[in-house]
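For the sequence shown, numbering that gives the first Met the number 0 begins at 0 and goes up steadily by one.
Backbone N, C-alpha and C define an ideal beta-carbon position, used for all residues, glycine too.
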Amino acid sequence: MSRKINIWANLDWISVLVYLILLMTGWISIYSAVYNDAHQSIFDTSQLYGKQLIWIVAALFIAAIVMMTDSRFFPFFSYFFYAFTLLMLVAVLFFGTEISGQKAWFQFAGMQMQPAEFAKMATALALAQYLSNSKQKINDPRELLNIAVLVFLPVLLIMLQPDAGSAIVFLSFMLVLFREGMSGYVLFFMFVLLILSVLALLMTEVNMILLLVLLAFISHLVLGRNIKLSLKAGLLFLLISLTVVGVFFLRSPHIQLEIKLLVAALTSCFILFFAALKIRKKYAPLLLGLLAAALVYTYSVDYVFENLLMPHQKSRINIVLGVDDDPLGQSYNINQSKIAIGSGGLTGKGFLQGTQTKFNFVPEQSTDFIFCTIGEEWGFAGSFVILSLFIFFLLRLVYLAERQRSAFARIYGYSLISILFTHIVINIGMTIGLVPVIGIPLPFISYGGSAMWSYTIMLFIFLRLDAGRTEFLK
Numbered sequence: 000m001s002r003k004i005n006i007w008a009n010l011d012w013i014s015v016l017v018y019l020i021l022l023m024t025g026w027i028s029i030y031s032a033v034y035n036d037a038h039q040s041i042f043d044t045s046q047l048y049g050k051q052l053i054w055i056v057a058a059l060f061i062a063a064i065v066m067m068t069d070s071r072f073f074p075f076f077s078y079f080f081y082a083f084t085l086l087m088l089v090a091v092l093f094f095g096t097e098i099s100g101q102k103a104w105f106q107f108a109g110m111q112m113q114p115a116e117f118a119k120m121a122t123a124l125a126l127a128q129y130l131s132n133s134k135q136k137i138n139d140p141r142e143l144l145n146i147a148v149l150v151f152l153p154v155l156l157i158m159l160q161p162d163a164g165s166a167i168v169f170l171s172f173m174l175v176l177f178r179e180g181m182s183g184y185v186l187f188f189m190f191v192l193l194i195l196s197v198l199a200l201l202m203t204e205v206n207m208i209l210l211l212v213l214l215a216f217i218s219h220l221v222l223g224r225n226i227k228l229s230l231k232a233g234l235l236f237l238l239i240s241l242t243v244v245g246v247f248f249l250r251s252p253h254i255q256l257e258i259k260l261l262v263a264a265l266t267s268c269f270i271l272f273f274a275a276l277k278i279r280k281k282y283a284p285l286l287l288g289l290l291a292a293a294l295v296y297t298y299s300v301d302y303v304f305e306n307l308l309m310p311h312q313k314s315r316i317n318i319v320l321g322v323d324d325d326p327l328g329q330s331y332n333i334n335q336s337k338i339a340i341g342s343g344g345l346t347g348k349g350f351l352q353g354t355q356t357k358f359n360f361v362p363e364q365s366t367d368f369i370f371c372t373i374g375e376e377w378g379f380a381g382s383f384v385i386l387s388l389f390i391f392f393l394l395r396l397v398y399l400a401e402r403q404r405s406a407f408a409r410i411y412g413y414s415l416i417s418i419l420f421t422h423i424v425i426n427i428g429m430t431i432g433l434v435p436v437i438g439i440p441l442p443f444i445s446y447g448g449s450a451m452w453s454y455t456i457m458l459f460i461f462l463r464l465d466a467g468r469t470e471f472l473k
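See the structure below:
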């Protein structure tokens, strides 16, 4: 049964107000970042800030249309939107315009449109529809497989462009699954994989193998609860390992180092297995399997890093990890970004007074590095206000998501929150050198029409669902 309600009266105007503040902040920041004395009017459409105003007006118009749409429209057509964006991701590989080595944009009438931005919204809708209608438990292996296919199919197409930054954002859907009941062990497993990935890039193969074997044995020592027997098994394990590995290295000088390391790792695994049998049999197969999987994973990380990533991507990762330093190359963006933000001090240099951004020392200062303008001109105080505004906005959306009466609206709301959260963390992390530069815009603030439109549509779909949460009663 349905009842007539006033959508505009039920609209969460607090979220709308924060959205408008962020839009205006972005518009003013873009004006300051690319200010031109010959084009001083902020409404000059020949400049980026004038074009951004057009995107903003268009976004507000789109938001109004979304609000006037029947809320049942979105779940009903969610799979259609998903399929359509997949077709767009395929089409852009053949008919798209290549920019900075990525074939990720359609260009027409002087404008650019990036399908990957809209794919995030479509995937959020499809995921919400699937989970809200699924009768299986989310931790069921078949269920997880279906979800993985749904999420990672657009990721594969985006990686073909290649656009690793946009692809990484899709990992944010893990937070949605966790909210919907996925085991916390999965998130812990993902965290362990992240740690292993970093260690694999920082440590040599020999040190990595020794560390993993040592951790596995310590784990079994703790689980076994027999210190005396554990120490005896550990000593036996150490002596046999050193003997086997040493003999193998000395008697086989012609064999490649990688093969030696692999044999050494496998030998260590089996020795650990037999040592574990002496301590507590039921844990031995588990630890052996985990150790073998960890070794295989670390080798695969090295392989992917060395053979599949582009040179500039490897350089950016090494710079963040502190392995390399290229002040005039890949480090330049990050170094100039940190200089700009740090030079702002407590209160900033003032509007239009940012020398680092004004004189183009910071590349991509109106898009990926727009936060530098805020940090330099408004200082720590201004940056704190913007960060606080983002945090308040995300918390407000969490509140709205939790009060939804339909599973579809709640799941979609958390998808929106996760996407925005990931964008904010990665973008600001890029500007201060905590994460590699992967081309992630700051929501509602960075220059660009595709991103702004996709964020706006995502937001107002959720606000429309929230405004109509009591519209249809069973």
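At a cut-off of 4 residues, the continuous stretches assigned as alpha helix (DSSP H) that sit fully inside the segment 341 to 391 are 354 to 357. When beta bridges are read from the DSSP output, Glu97 appears opposite Lys102. Remark: C-beta atoms of Phe105 and Gly95 approach each other more closely than 8 Å. Beta-bridge partners assigned by DSSP to Asn35: His38.
Val148 and Leu195 have their C-alpha atoms spaced approximately 25 Å apart. Looking from the CA of Ile20, the closest CA among Ala166, Ser387, Glu305, Leu143 belongs to Ser387. Rounded to the nearest whole angstrom, the C-alpha separation of Gly164 and Ile437 is 5 Å. According to DSSP, Met110 shares a beta bridge with Phe107. Here Pro310 is exposed: its Cβ has fewer than 16 other Cβ atoms, across all protein chains shown, within 10 Å.
Here the C-alpha atom of Gly349 lies approximately 10 Å from the C-alpha atom of Thr372. Secondary structure at Lys313: helix, using DSSP grouped into helix, strand and coil. Between Leu47 and Ser417, the CB-CB gap reaches or exceeds 8 Å.
When secondary structure is reduced to three states using DSSP, Gly428 falls in the helix class.
Under the DSSP assignment, Met66 falls in the alpha helix (DSSP H) whose first and last residues are 47 to 66. Excluding residues up to 5 positions away in sequence, Trp377 lie with their Cβ nearer than 8 Å to the Cβ of Val384 in the same chain.
Note that the C-beta distance between Leu419 and Leu394 is not below 8 Å. DSSP places Glu470 outside both helix and strand once states are collapsed to three, so it counts as coil. Only exposed fits Asp139, as fewer than 16 other CB atoms lie within 10 angstroms of its CB. Annotation: Pro161 is outside any alpha helix (DSSP H) and is labelled neither H nor E by DSSP. Taking the Cα positions, Gly353 is about 11 Å away from Val361. Collapsing the DSSP output to three states places Thr44 in coil.
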